[in-house]
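Counting from 1, position 83 in the sequence shown corresponds to residue 120 in my numbering; the numbering is continuous, with no gaps. For each residue, glycine too, the CB sits at the ideal point set by N, CA and C.
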Amino acid sequence: MTATPLRRRLKRMLRHEDQARATRRPVSGRKSGLEHALEVRNVSLRFGGVRALSEVSFAVNHGELFSIIGPNGAGKTSVVNCISGRYQPSEGQLFYHGRDITGLKPNARASLGIGRTFQNLALFHHMSVLDNIMVGRHHLLKNNFFTGALYWFGARREELAHREKVEEIIDFLDLQSVRKATAGTLSYGLRKRVELARAMALEPTLILLDEPMAGMNFEEKEDMARYIVDLNEEFGMTVVMIEHDMGVVMDISNRVVVLDFGRKIAEGEPAEVLADPHVRRAYLGEEDEVLVDPDDAPDHPTVAERVA
């Protein structure tokens, strides 16, 4: 049987996985004996007669870089929308640091420390990069228009403190050269980076990334993977990521959950998930032993090796 490009790529992943696991970071910030950072418990979601999610359950540990994968239409974004509060589950519960957040509105969840990016960019294209990132600080502002007018000095001091935090994020994501540029004039890869910066500006303890590398070229993906690993390690953020690039997912994730037709079909470390026959069926349409055969294609360094 002739191997397709997808089969060849999956075979290379299986062969690289032992080496990648040796370079993968240990989970930082995990607190043994305490509640999970996030727990999705038996969540179902229906739109009229259409069932988008069916009793999906998984838990994300403190400080973990956790990925959600699956074919198109598997329900990945629906799960993230339930976590962020954009959708209300038809059944089931959601817990954040042990607290039931199922009934909370999106702004209340953001105030608790849940940030997110969107698959389709939600930037203010007429505003500068700096101002777009400042928007992410609005949940942390103590002064409004009226208190700012009454207590001008205090409001000004608060704004300067927030701008200092924003400048730190700009430095972290290497956006210094475009900080004053209008967001709408930037390349797609840079706009994705600004979207990440705005989510970081909230100072979340849990950040939801919906396809952060979609539409990027290889170099842009490599940079974004490095930023995600660094914000997980240096900023101590728990990361839940949807991503279609299997190579990136397998290289940088601590654990992975796989959805198919709105149901969870696998969960575990990347090597376990990649070898799972249910996962291979979901991606290839069949359980094919050719996946684990030796491959003649040249080996390439993994993203994990490049960002380490």
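For residue i, does the count of other Cβ atoms within 10 angstroms reach 16, so buried, or fall short, so exposed?
i: Tyr225; result: exposed
i: Leu239; result: buried
i: Gly163; result: Correcting the residue type first, residue 163 is His in the shown sequence and not Gly. His163 is exposed by the Cβ-count criterion.
i: Pro249; result: buried
i: Phe84; result: exposed
i: Leu197; result: exposed
i: Ala57; result: Here the model assigns Ala57 a pLDDT of 45, short of 50, so the residue's position is not dependable, and the following value carries that caveat. It counts as buried.
i: Gly140; result: exposed
i: Asn79; result: exposed
i: Ile255; result: The amino acid occupying residue 255 in the given sequence is Phe; Ile does not appear at that position. Phe255 should be labelled exposed.
i: Asn144; result: exposed
i: Asn157; result: exposed
DSSP state of residue i, grouped into three classes?
i: Gly284; result: helix
i: Arg318; result: helix
i: Ile138; result: coil
i: Ala89; result: strand
i: Thr242; result: coil
i: Asn79; result: strand
i: Asp211; result: coil
i: Glu201; result: helix
i: Ser15; result: Summary: the structure shown does not reach residue 15, with the chain confined to residues 38 through 345, and so no result is reported for it.
i: Met171; result: helix
i: Arg292; result: strand
i: Met250; result: coil
i: Met274; result: coil
i: Ala96; result: strand
i: Thr154; result: coil
i: Asn181; result: With a pLDDT of 47 at Asn181, under the threshold of 50, the modelled position of that residue is not reliable, and no figure is offered here.
Residue range of the alpha helix (DSSP H) that residue i falls in?
i: Glu346; result: This structure cannot speak to residue 346, because the chain is shown only from 38 to 345.
i: Ala303; result: Where Ala303 is concerned, there is no enclosing alpha helix (DSSP H), although the beta strand (DSSP E) it sits in stretches over 300 to 305.
i: Val117; result: 113 to 121
Would you say residue i touches the ligand PLP, meaning its beta carbon is less than 8 Å from a heavy atom?
i: Lys229; result: Questions concerning the ligand PLP fall outside what the structure shown contains, since it holds no ligand whatsoever.
Locate the beta strand (DSSP E) running through residue i, then write down its first and last residues.
i: Met164; result: Careful: Met164 lies outside any beta strand (DSSP E) and carries neither H nor E.
i: Leu102; result: 102 to 106
i: Glu128; result: 128 to 133
Review point. Counting Cβ pairs closer than 8 Å, one from the region 227 to 243 and one from the region 268 to 275, do we hit at least three?
Key: The region 227 to 243, when compared against the region 268 to 275, does touch it at the 8 Å Cβ threshold.
**Study point:** Inter-stretch contact at 8 Å, needing at least 3 Cβ pairs: the region 82 to 98 / the region 116 to 128
**Key:** Yes, the region 82 to 98 is in contact with the region 116 to 128.
Exercise for review: Would you check if the region 293 to 310 and the region 257 to 268 touch, i.e. whether three or more CB-CB distances between them fall below 8 Å?
Suggested key: No, because fewer than three Cβ pairs between the region 257 to 268 and the region 293 to 310 fall closer than 8 Å, the two stretches do not touch.
Check your understanding: Touching or not, the region 149 to 166 and the region 221 to 236, by the rule of three or more beta carbon pairs under 8 Å?
Key -> Yes, the region 149 to 166 touches the region 221 to 236.
Point to revise | contact_flag[the region 208 to 215, the region 109 to 118] where n(CB pairs < 8 Å) is 3 or more | key: The answer is no - the region 109 to 118 does not touch the region 208 to 215, with fewer than three Cβ pairs under 8 Å.
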